[in-house]
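J.:
4 protein chains.
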Amino acid sequence: MMNFASDYTEGCHPKILDALLRTNLEQTTGYGTDQYTESAKSRIRKVIGKEEAEIFFLTGGTQTNQTVIDSMLKMYEGVVAVETGHVNVHEAGAIEFTGHKVLALPAHEGKMDAGELDKYAAGFYADSDHEHMVFPGMVYISHPTEFGTLYTKDELKAISDVCKKWELPLFLDGARLGYGLMSKDTDVSIGDIAELTDVFYIGGTKVGALCGEAVVFPKGDAPKHFVTMIKEHGALLAKGRLNGVQFDTLFTDDLYFEISKNAIERADELKKVFAERNYSFFMDSPTNQQFIVMKNEMLSKLDEAGVIYSNWEPADEAHTVVRFCTSWATTAEQIAELARLLDELQSGSL
Amino acid sequence: MMNFASDYTEGCHPKILDALLRTNLEQTTGYGTDQYTESAKSRIRKVIGKEEAEIFFLTGGTQTNQTVIDSMLKMYEGVVAVETGHVNVHEAGAIEFTGHKVLALPAHEGKMDAGELDKYAAGFYADSDHEHMVFPGMVYISHPTEFGTLYTKDELKAISDVCKKWELPLFLDGARLGYGLMSKDTDVSIGDIAELTDVFYIGGTKVGALCGEAVVFPKGDAPKHFVTMIKEHGALLAKGRLNGVQFDTLFTDDLYFEISKNAIERADELKKVFAERNYSFFMDSPTNQQFIVMKNEMLSKLDEAGVIYSNWEPADEAHTVVRFCTSWATTAEQIAELARLLDELQSGSL
Amino acid sequence: MMNFASDYTEGCHPKILDALLRTNLEQTTGYGTDQYTESAKSRIRKVIGKEEAEIFFLTGGTQTNQTVIDSMLKMYEGVVAVETGHVNVHEAGAIEFTGHKVLALPAHEGKMDAGELDKYAAGFYADSDHEHMVFPGMVYISHPTEFGTLYTKDELKAISDVCKKWELPLFLDGARLGYGLMSKDTDVSIGDIAELTDVFYIGGTKVGALCGEAVVFPKGDAPKHFVTMIKEHGALLAKGRLNGVQFDTLFTDDLYFEISKNAIERADELKKVFAERNYSFFMDSPTNQQFIVMKNEMLSKLDEAGVIYSNWEPADEAHTVVRFCTSWATTAEQIAELARLLDELQSGSL
Amino acid sequence: MMNFASDYTEGCHPKILDALLRTNLEQTTGYGTDQYTESAKSRIRKVIGKEEAEIFFLTGGTQTNQTVIDSMLKMYEGVVAVETGHVNVHEAGAIEFTGHKVLALPAHEGKMDAGELDKYAAGFYADSDHEHMVFPGMVYISHPTEFGTLYTKDELKAISDVCKKWELPLFLDGARLGYGLMSKDTDVSIGDIAELTDVFYIGGTKVGALCGEAVVFPKGDAPKHFVTMIKEHGALLAKGRLNGVQFDTLFTDDLYFEISKNAIERADELKKVFAERNYSFFMDSPTNQQFIVMKNEMLSKLDEAGVIYSNWEPADEAHTVVRFCTSWATTAEQIAELARLLDELQSGSL
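Respectively, the protein sequence lines represent chains Z, S, E and F. According to this note's numbering, the first sequence is numbered sequentially starting from -8. According to this note's numbering, the second sequence is numbered sequentially starting from -8. According to this note's numbering, the third sequence is numbered sequentially starting from -8. According to this note's numbering, the fourth sequence is numbered sequentially starting from -8.
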């Protein structure tokens, strides 16, 4: 079995298990008040260059998006996102469940356009009937996006400027942040993100942790009683140390960045494997998610051979867009093995 | 002042005030258990030809949409509507407030296409990831639509068939139902609507009542404890007779239909007034809402002259789409007066 | 039939119907932007002596409580009320529906004790675990209470002081405010209420209107975008004039107070009728709701005779607490007739 | 430092870390579809003796209570619990957050009385006004309770019978289930619980896991699309294996029961330590939570000595009720050390 379906197919980076083992029998206080959580926060503050940042650890991506968005919006506000944004499509309505509309803008390879955002906000306030509509209350973007694409620093700055203009807090979903930061095609650093957003999260689940996302308010202005709201959303771990120890490890000796780099290097190899065999890409992704347009016939063969990937969407009657992911755990051997298999399948020897 | 901004600029049809006056000092029980409410229900059942129908009176359109949709959906379901649907745009997020996503399909002059609905539902269930998405739980259409357009009986039947295929209850928003039924360009009767939908409402507020909408479950299968849910949504009137007396009057001697017919006749005159003066229509509406593309310059003059209309949306830099409504209360004199005024403004004599 | 079940058994005061008739064909703008609504607000501001007050008209009591409370609370807050408070018992969970807990204190003949409120708040903040609990976010009291009882000015001031101490806005539910203000046993004026609360409402539905409650923020600090939140709760009338005209009439020439006075005078007669016949009162009410402990046997006879009252709660196996209400519409003849009937029933002649 | 504050002060049982390590680099599918999750379910089904049971793994107690209760209730229903129930007090309003009232009954050492439940339900349906009230929709009990007390099998059966009578599903919160099952003073087996409840959960977080609770529908009648509702509540782990591996381990070779037994044995020693020194107990608890009434003066000394416990509530001016917990991880040495310390403090030598 070769599983390229996602970047959460393994457990966690071995150093995390080591740390859990090493600290296991120490007694700590609960709910994120322990020393490992404190240490993890401290390390993250250093990495982003913001001593004043407030940081909270939650357990998964949908939970984090739901809790952050619901806690920051007023009752009459919605969150602006692109059509393909995770909050708009793949969270089972978790945002609406908390009473808020997702106000969808067009997606451009998964990205929001600053100009369109500005136009939307201007149009909203120009509409004489806007008191009967959902107010835009914050902006949600993901980086990397759901298609693996990345904002440039200029694009991010443009969105940030529009957000400031309309007094909309900017929230960056970094479920795969590490892979974005270590891409060879990015000029965006984690410091830039801390500078340009009002809140973002550093994804753990998809970048080497068993679970866990670090929510960062870089300006230190988290909503009042945010811990109570985390609890109210069912998102407060009793053993907060589980997240604390994991992020403390990930942000020791640049582990988070190092393991992200592995995913990027493997993704480059993966791209080459497909490109050399003349497969076409659905879009050009500079990160660890690669979207390939494949013949359905070929997919059946891959299925038989035990290769696992994600179905994304039908391309046409005979083709499907599929996703292949690399991760912190992917090895060069796995990529080479995939290449061999593709050759065999193409040559009909399998 | 001439106010064509909406169909709720006056109080109510005089016969309603007569009835309120006549019954005023009678003592009745509360919360819709009075005899006038009973009588109104009985009359509506007769008109739609469904003795088994269950009927409830609510107070306004947004409230009705919110209460009906929230009461019929399961927690993990959303309501399918077109992009321009009232529930998707102009209800301040009242649907999301109750935890449900509005799943938006393209609008065709305000209407939903049965084929697109079918394709959407098929796509949803074909998506291997659909357990992580919002399930379609019911379908919302408005008739007349927000643009005054109407479904044909065939179109309505096609949507109803798709709904049955996917087990989606069909909800028809009839805020302006009377105007739709009395249009000269419709083959849809109120009996057809009772036959083809699972729930619909007969609008009172915009068709001659002070307030009030009659929610009809034609098959008699209202959600269990619907009255408690109405109360929970803050939508149960203590003096239920207020709605009861009004609908009892509207459905006596075909008053509802007669006064709707007046709006249609005036709208025809209004169309002629604009057409003869070479104004262009944003779309062709067979009901009481007319959308005209006018020069901003001309609109300024109308403003000065005290003519009130609704701004709909900018057409281009120099033009705006505006809405002129007629209603049960509009008189031929008012239309003639508007025609005179337009001539004067065009000739520059004003 | 003699119906003493509630104070909403008739339509409305005739002067209101006159006003609706007189203004019926005038064209106004919608959603509470009309001149009658403005005039009503202006009259209320004068009566309460607060030029800066912001006023909004909603349609019913549960809706008003739900909208006001939900709009003022933060997500992690609940509303403090007594166990017997309307919001805690008889609103089908309308407060919890919007996500907020009712934090219940003991009731003393329907009233909250300022000392107990203080102790509760102190205990909450002293609890080291309070970040895992629902924060008190505002205080709800009703005046008159659900048992017809009234706060004295000193009691009201004490609660107001405790609220200020803990920064809890004080909300007074005045569904029957008129009857409280006109009681012979009160030292509380509407000006006192405007001074001592942060928000209150003047009930129309139970005091002579067809529907309608006037929400008053005496300090002019209504929540931002309150109209949008009213809309979001499904509580915004398109024909806002319906409430505007009604309150404009009620606050012209002291009509609201005059008709409330009638209810009090009739209630005094009613009390005398029961007291002279040695019925026992469940508690002493100085307003229009009277709670009598009656033999079940006697109640059956009253039922047969067509007298309608409200069942409140079982007293013991043989007795029930029942409520008799007077209202703006109750006549001295009706009370006399009830007295005659009681005598006949007691003498066995019926 | 000696920390008796709770049963979640350590990481997890070492065998769980072993299993995480052993399985770490295996690739599995996500969201609870992996083989370890399957194996864990299978083992639990065997232990409870219900092959038809449906089982789901969530991450924490509040999250589990919120998701289960919200998914099982209809919109107009609340959950019946005792006043001291965790859902009523210590979950930051997580139940109300999802729109449902907690209907509170009196607590008897943390337990619900079947007779009172029956009386409440009977009273509710007897109330002629109950359509305006929150319907009881399910019953929530905890076992052990928040005070460490346990239901007897007869008590549990009585509650279960009343639930059946009124068609109320019975939900048992087993956050500390293991400690209840291994108590020396119980006649309730896990099979009994599977027989007598409609849904219950087996707590992991407080019984040796890093996180995780196993929700069991013993009759196999979980709500339709429960996984989607878990996702919607932000409670679905991408790496579902984290919970799967943990419960697979806990239910291998009776580990869950064995480690629970340790907590009980240590608690017995702890009780003896306090009893022999004439401390008084707030109530008699047969499980791992012990509530002692201690002088505030003594507590200050314990604080200085680095002993950690939980403050429960003030007893009187000079005394406080505090909680000491044992767990799967507590050692006999720790108890002996506490005894020594108490003696030193009492003798004044410290």
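Positions of the beta carbon are idealized from the N, C-alpha and C atoms, including for glycine.
Can you give the Cα-Cα distance for residue 284 of chain E and residue 263 of chain E, rounded to whole angstroms?
T.: So the two alpha carbons sit approximately 15 angstroms from each other.
J.: Quick one: list the residues of chain Z neighbouring residue 5 of chain F, beta-carbon separation under 9 angstroms, in chain order.
T.: Result: 12, 15 and 16.
J.: Residues of chain Z with CB under 7 angstroms from residue 206 of chain E, in chain order?
T.: Those within 7 angstroms of residue 206 of chain E in chain Z number zero; the least Cβ separation is about 16 angstroms.
J.: Considering only the alpha carbon of each residue, which of Z/9, Z/40 and Z/24 lies closest to residue 47 of chain Z?
T.: The candidate whose alpha carbon is nearest that of residue 47 of chain Z is Z/24.
J.: Counting contacts by CB-CB distance shorter than 8 angstroms, is residue 218 of chain E in contact with chain Z?
T.: Yes, residue 218 of chain E lies at the interface with chain Z (some Cβ there is under 8 angstroms from its Cβ).
J.: Buried or exposed: residue 269 of chain Z, going by 16 or more other Cβ atoms within 10 Å of its Cβ?
T.: Residue 269 of chain Z comes out exposed.
J.: Please state whether the Cβ-Cβ distance between residue 376 of chain Z and residue 122 of chain E is less than 8 angstroms.
T.: Because chain Z here runs from -8 to 341, residue 376 of chain Z falls outside it and cannot be looked at.
J.: Taking the CB atoms as reference points, tell me whether residue 133 of chain E and residue 95 of chain E lie closer together than 8 angstroms.
T.: No, they are not a contact pair.
J.: Hey, out of E/223, E/-3 and E/19, whose CA is closest to residue 233 of chain E's CA?
T.: Of E/223, E/-3 and E/19, the residue nearest in Cα terms is E/19.
J.: Strictly under 8 angstroms for the Cβ-Cβ distance: is residue 67 of chain F near chain S by that measure?
T.: True, the Cβ-Cβ gap to chain S drops below 8 angstroms.
J.: Ignoring anything shorter than 4 residues or poking outside the stretch 200 to 237 of chain S, list the alpha helix (DSSP H) runs there in chain order.
T.: You should have 217 to 223.
J.: Quick one: is residue 123 of chain E near chain Z, going by C-beta distance under 8 angstroms?
T.: Yes, its Cβ sits closer than 8 angstroms to a Cβ of chain Z.
J.: Just the chain E side, please: which residues come within less than 8 angstroms of residue 33 of chain Z by C-beta, in chain order?
T.: Per Cβ cutoff of 8 angstroms: no residues; residue 33 of chain Z is ~22 angstroms from chain E at best.
J.: Per the contact definition of three or more C-beta pairs closer than 8 angstroms, is the stretch 293 to 300 of chain F in contact with the stretch 104 to 114 of chain E?
T.: These segments do not touch.
J.: For chain F, find out if any of its Cβ atoms is closer than 8 angstroms to the Cβ of residue 230 of chain S; answer yes or no.
T.: Not an interface residue.
J.: Could you say if the stretch 242 to 261 of chain S and the stretch 85 to 95 of chain S meet the contact criterion of at least three C-beta pairs nearer than 8 angstroms?
T.: The stretch 242 to 261 of chain S is not in contact with the stretch 85 to 95 of chain S.
J.: I want to verify the contact list: residues of chain F whose CB lies under 8 angstroms from the CB of residue 62 of chain S, in sequence order.
T.: Those within 8 angstroms of residue 62 of chain S in chain F are 66.
J.: Could you tell me which whole alpha helix (DSSP H) segments of length 4 or greater appear in the stretch 265 to 332 of chain E?
T.: Counting only runs of 4 or more, we get 287 to 295.
J.: Quick check: residue 223 of chain S and residue 83 of chain E, are their CB atoms within less than 8 angstroms of each other?
T.: Taking 8 angstroms as the Cβ cut-off, residue 223 of chain S and residue 83 of chain E qualify as a contacting pair.
J.: Would you kindly report the start and end of the unbroken alpha helix (DSSP H) that includes residue 5 of chain F?
T.: Note, residue 5 of chain F: alpha helix (DSSP H), 5 to 14.
J.: Ends of the alpha helix (DSSP H) at residue 63 of chain Z?
T.: It spans 52 to 63 - the alpha helix (DSSP H) in which residue 63 of chain Z sits, taken as one unbroken run.
J.: Any C-beta of chain F within less than 7 angstroms: which residues of the stretch 303 to 328 of chain E qualify?
T.: Taking 7 angstroms as the Cβ-Cβ cut-off against chain F, none of the residues of the stretch 303 to 328 of chain E qualify.
J.: Based on the DSSP output, what are the partners of residue 345 of chain S in its beta bridges?
T.: This structure does not reach residue 345 of chain S, given that chain S is present from -8 up to 341, and the question cannot be answered.
J.: In the DSSP output, what is residue 191 of chain F paired with across the bridge?
T.: Looking at the DSSP assignment, residue 191 of chain F forms a beta bridge with F/163 and F/207.
J.: What is the rounded straight-line gap between the Cα of residue 345 of chain F and the Cα of residue 228 of chain Z?
T.: Absent from the model: residue 345 of chain F. The displayed extent of chain F is -8 to 341, so no value can be given.
J.: Does the Cβ of residue 274 of chain Z have 16 or more other Cβ atoms within 10 Å, making it buried, or fewer, making it exposed?
T.: Result: exposed.
J.: Closer than 7 angstroms, Cβ to any Cβ of chain Z: which residues of the stretch 85 to 106 of chain E, in chain order?
T.: Hits within the stretch: zero.
J.: Check this for me: beta carbons of residue 323 of chain Z and residue 260 of chain Z, under 8 angstroms apart or not?
T.: The answer is yes: Cβ separation under 8 angstroms.
J.: On the DSSP bridge assignment, give the partners of residue 102 of chain S in chain order.
T.: Answer is S/99.
J.: Would you mind stating whether residue 172 of chain E and residue 3 of chain E have Cβ atoms separated by less than 8 angstroms?
T.: Cβ atoms of residue 172 of chain E and residue 3 of chain E: not closer than 8 angstroms.
J.: I believe residue 15 of chain E touches residue 137 of chain S by the beta-carbon criterion, under 8 angstroms. Please report the beta-carbon distance rounded to the nearest angstrom.
T.: That belief does not hold up - the Cβ atoms of residue 15 of chain E and residue 137 of chain S are roughly 27 angstroms apart, past 8 angstroms.
J.: Under the three-state reduction of DSSP, which class applies to residue 141 of chain Z: helix, strand or coil?
T.: In this structure, residue 141 of chain Z counts as coil in the three-state DSSP scheme.
J.: Hey, how far is the Cα of residue 55 of chain F from the Cα of residue 293 of chain Z?
T.: Distance between the alpha carbons of residue 55 of chain F and residue 293 of chain Z is about 39 angstroms.
J.: Can you give the Cα-Cα distance for residue 9 of chain F and residue 237 of chain Z, rounded to whole angstroms?
T.: Each residue's Cα considered, the two are about 17 angstroms apart.
J.: Throw me the rounded Cβ distance for the residue 301 of chain E and residue 112 of chain E pair, which I believe falls under 8 angstroms.
T.: The pair is not a contact, with the Cβ atoms about 34 angstroms apart (cut-off 8 angstroms).
J.: Could one say the Cβ of residue 201 of chain S lies closer than 8 angstroms to chain E's Cβ atoms, at least one of them?
T.: Closer than 8 angstroms: yes.
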